[in-house]
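Notes follow the structure.
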Amino acid sequence: SSVRIPELKQNDELGDLVNEFNGMLDRIQRFIDQQSDFVQDVSHELRTPVAILEGHLQLLNRWGKDDPEVLAESLSASLQEIARMKSLIQEMLDLTRADQVDVQFPNAVCDLNQIMEQVVNDFKMIHPDFVFILDNDLEGPVYVRMYRNHLEQVLIILLDNAVKYSLTRKEIHVSAARNSDGVALVVQDFGEGLSNVDRERVFNRFYRVDKARSREKGGNGLGLSIAQQLVESYHGEITVDSALGHGSAFRIDLPTITAEEAAHLREQADK
Ligand code: ADP
240 SSVRIPELKQ
250 NDELGDLVNE
260 FNGMLDRIQR
270 FIDQQSDFVQ
280 DVSHELRTPV
290 AILEGHLQLL
300 NRWGKDDPEV
310 LAESLSASLQ
320 EIARMKSLIQ
330 EMLDLTRADQ
340 VDVQFPNAVC
350 DLNQIMEQVV
360 NDFKMIHPDF
370 VFILDNDLEG
380 PVYVRMYRNH
390 LEQVLIILLD
400 NAVKYSLTRK
410 EIHVSAARNS
420 DGVALVVQDF
430 GEGLSNVDRE
440 RVFNRFYRVD
450 KARSREKGGN
460 GLGLSIAQQL
470 VESYHGEITV
480 DSALGHGSAF
490 RIDLPTITAE
500 EAAHLREQAD
510 K
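Here the sequence shown is numbered in UniProt numbering, starting from 240 and rising by one per residue.
Right, dumping it as structure tokens:
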């Protein structure tokens, strides 16, 4: 942009300073572009519920007052749209907060093994029609440097999706194992799966494979973006392995720490 300082092409301190300054400008520009993309995406996503709401209110205004059936139906549809907008707003807030959480929670530590068991048990209770198989190679606690609620949130997003996108085989496998880098946790379903193209895109915000169907299921296309931002902020990685028609396996890799390091962090946090 016009504020950039022309490169000096000299290898001294002044040259370095100019490069540093220009680099900073580029980063600011990228940040501004990202923000403006986000505002565009959000406006686009809000347009649908607002249009539906408007439609129902117009209907009510014209006929609804005299027709109890229209009245009841439009009111309930309007309330449903409002509930959707509320969940969209909550998820957008989650997304903006999911950045740099490692800096906000420098002493965070939790036991992945315990949280995994707890979340799977919760799901067993909420979805009695599903079979959840916990295939757990971990023995005892597995400490990761993550704020407990955030790990729970990531697991809930993955399990929610596994349930939502399962078809007739209502079976979900959750497994975890240690490896040389830390720990790997996998949530596998046997549902609709993802095509090669969609596999690349599911982590993009607001991306839904089938807009209409996902919308029916209450999806905003933000769950996996939130999960990815959280995991990556804590120096982990989230990946997917999937085949169309066969199901999907979402995998989280996280670095682990020893019990001594975990105890030390907890002491720090208590101070
Ligand atoms: P949503 O709230 O719509 O589920 P997500 O960001 O969690 O948003 O997921 C984005 C899209 O990825 C979903 O709309 C769905 O099309 C696809 N997807 C996510 N999880 C799975 C899964 N386990 N199996 C098949 N498709 C999935």
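Every residue gets a Cβ at the ideal spot worked out from N, C-alpha and C, and that includes glycine.
Helix, strand or coil at residue i [DSSP, three-state]
i: Gly-254; result: helix
i: Gln-339; result: coil
i: His-503; result: helix
i: Glu-455; result: helix
i: Asp-265; result: helix
i: Phe-371; result: strand
i: Leu-424; result: strand
i: His-485; result: coil
i: Val-359; result: helix
i: Leu-377; result: coil
i: Thr-495; result: strand
i: Asp-306; result: coil
i: Glu-410; result: strand
i: Glu-476; result: strand
i: Ile-350; result: Correcting the residue identity first, residue 350 is Asp in this sequence and not Ile. Here Asp-350 sits in strand by DSSP.
i: Arg-490; result: strand
i: Val-383; result: strand
i: Asn-435; result: helix
i: Arg-286; result: helix
i: Asn-400; result: helix
i: Arg-323; result: helix
i: Asn-388; result: helix
i: Arg-243; result: coil
C-beta contact flag for residue i and residue j at 7 Å
i: Leu-424; j: Val-381; result: no
i: Asn-346; j: Ala-501; result: no
i: Val-426; j: Leu-397; result: yes
i: Arg-438; j: Val-479; result: yes
i: Ile-354; j: Glu-391; result: yes
i: Ser-414; j: Asp-374; result: yes
i: Arg-387; j: Cys-349; result: yes
i: His-295; j: Ser-315; result: no
i: Lys-450; j: Lys-403; result: no
i: Thr-497; j: Val-383; result: no
i: Val-257; j: Leu-264; result: no
i: Glu-320; j: Ile-365; result: no
Residue i, buried or exposed, once every other Cβ within 10 Å from all chains shown has been counted against 16
i: Val-422; result: buried
i: Asn-459; result: buried
i: Leu-253; result: exposed
i: Val-289; result: exposed
i: Glu-259; result: exposed
i: residue 193; result: Residue 193 is absent from the structure shown; the chain starts at 240 and stops at 510.
i: Ile-477; result: buried
i: Gly-262; result: exposed
i: Leu-327; result: buried
i: residue 554; result: Beyond the ends of the chain as shown, which are 240 and 510, falls residue 554; an answer cannot be given.
i: Asn-360; result: exposed
i: Gly-379; result: exposed
i: Asn-250; result: exposed
i: Ala-401; result: buried
Neighbourhood of residue i by C-beta, 6 Å cutoff - its chain only, sequence neighbours within 5 removed
i: residue 512; result: The chain is shown only over 240 to 510; residue 512 falls outside these bounds and no answer can be derived.
i: Gly-486; result: Asp-428, Phe-429, Gly-430 and Gly-432
i: Ala-488; result: Val-425, Gln-427 and Asp-480
i: Gly-484; result: Gly-432
i: Ser-405; result: Asp-428 and Gly-430
i: Met-324; result: Pro-288
Integer-rounded CB distance, given that residue j should sit under 8 Å from residue i
i: Leu-433; j: Val-448; result: 7 Å
i: Leu-504; j: Tyr-473; result: Wrong, their Cβ atoms sit about 13 Å apart, outside the cutoff.
i: Val-470; j: Val-393; result: 6 Å
i: Met-331; j: Val-281; result: 6 Å
i: Leu-377; j: Arg-417; result: 7 Å
i: Val-340; j: His-389; result: 6 Å
Chain-order list of residues whose beta-carbon lies under 7 Å from that of residue i (same chain, five-residue window excluded)
i: Phe-362; result: Phe-371 and Leu-398
i: His-412; result: Ile-372, Asp-374 and Gln-427
i: Gln-468; result: Leu-334, Ala-337 and Asp-338
Any chain C beta carbon closer than 7 Å to residue i
i: Ala-347; result: Absent here is chain C; the protein component of the structure consists of one chain.
8 Å Cβ shell around residue i - same chain, five flanking residues per side excluded
i: Asp-420; result: Asp-492 and Pro-494
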